[in-house]
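Comments concern the structure below.
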Amino acid sequence: MKKNRYQNNLKFLLSAPDLKSLPPDFGKEVAFIGASNVGKSSMLNTLAGEKNLARVGKTPGVTQFINVFVLDQKTRIIDLPGYGYAKVPLKKREELQEMTNSYLQKRESLVGLFVLTDSRHPLKPQDLKLISWAKEANLPICILLTKIDKLTRTEAVAALKFVQNEIPNCSAHVFSAENKTGLGDVLTELDHWLL
Ligand code: GDP
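Convert by adding 20 to the 1-based position in the sequence shown; the result is the number in my numbering.
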């Protein structure tokens with residue numbers, strides 16, 4: 021596959037513990053969100069063509085920030101905290117959710133949101149809540165069914181169909197960090213939002 025414009029060009033900028041630590045709200049950014057362990061770090065690493073840009077299977081402490089990656093001065097990729105991690109204390113989880121919600125509501129440079137959902141059991145209640153909120157807020161979203169390499173071809177087709185039926189009029193793609201299935205689709209969506 022030809023080199024994409026994110027490959028080797030995406031640089032880690034900072035981990036923000038709160039909204040005021042984010043870089044100035046100008047230009048464009050696209051955010052990635054999903055339940056803990058959905059494969060978000062692996063996807064970002066695949067996108068960047070780097071093994072360790074976003075850490076895979078990290079300890080919970082590392083996931084409790086908004087991670088910011090920059091492509092150029094006015095283009096950013098945002099890694100939002102994974103939700104639903106049972107080992108994170110409830111109070112902390114609520115704080116994280118509040119920070120994430122207010123990021124999603126207030127960030128003017130946010131032009132699109134990838135919602136990652138595990139293809140083996142897609143659209144958990146928290147995914148659905150997020151998707152319906154984004155629709156109401158007119159925030160463009162794209163649903164990515166992760167770890168598709170774990171399904172057979174027939175199962176993969178069925179999972180995608182299920183998501184398209186549940187959430188009509190919304191773009192949805194399958195993805196695998198393992199074999200790069202769907203990378204082209206993610207790049208196309210990103211370019212559509214960021215270029
Ligand atoms: P995050 O918590 O959403 O950032 O998830 P990670 O990227 O850390 O991945 C969680 C676990 O799922 C790790 O053990 C990864 O190796 C595994 N994983 C992530 N993406 C894939 C994938 O596309 N295929 C397979 N088979 N495993 C994956």
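Using N, Cα and C, we set each Cβ at its ideal position, and we do this for glycine too.
Rounded Cβ spacing between residue i and residue j (contact assumed at less than 8 angstroms)
{"i": "leucine 73", "j": "leucine 30", "result": "6 angstroms"}
{"i": "lysine 165", "j": "threonine 201", "result": "Checking the sequence shown, residue 165 turns out to be leucine, not lysine. At roughly 10 angstroms, the Cβ-Cβ gap does not stay under 8 angstroms, so leucine 165 and threonine 201 are not in contact."}
{"i": "glutamine 117", "j": "tyrosine 103", "result": "7 angstroms"}
{"i": "aspartate 45", "j": "serine 129", "result": "5 angstroms"}
Buried/exposed call for residue i, threshold 16 Cβ in 10 Å
{"i": "glutamate 156", "result": "exposed"}
{"i": "alanine 197", "result": "buried"}
{"i": "glycine 81", "result": "Model confidence at glycine 81 stands at a pLDDT of 48, short of 50, so the residue's coordinates are unreliable; what they give is reported in the following sentence. By the 10 Å Cβ count, glycine 81 comes out exposed."}
{"i": "leucine 215", "result": "exposed"}
{"i": "proline 142", "result": "buried"}
8 angstroms Cβ cutoff met for residue i and residue j
{"i": "isoleucine 86", "j": "proline 109", "result": "no"}
{"i": "phenylalanine 195", "j": "valine 177", "result": "no"}
{"i": "alanine 154", "j": "isoleucine 161", "result": "yes"}
{"i": "alanine 106", "j": "serine 139", "result": "no"}
{"i": "valine 88", "j": "tryptophan 213", "result": "no"}
{"i": "lysine 48", "j": "valine 183", "result": "no"}
{"i": "leucine 91", "j": "leucine 133", "result": "no"}
Minimum C-alpha distance to residue i - residue among the options
{"i": "aspartate 38", "options": "Thr95, Ile53 and Ser122", "result": "Ser122"}
{"i": "asparagine 65", "options": "Val58, Ser56 and Arg75", "result": "Arg75"}
{"i": "isoleucine 168", "options": "Ser35, Gly54, Leu33 and Val58", "result": "Val58"}
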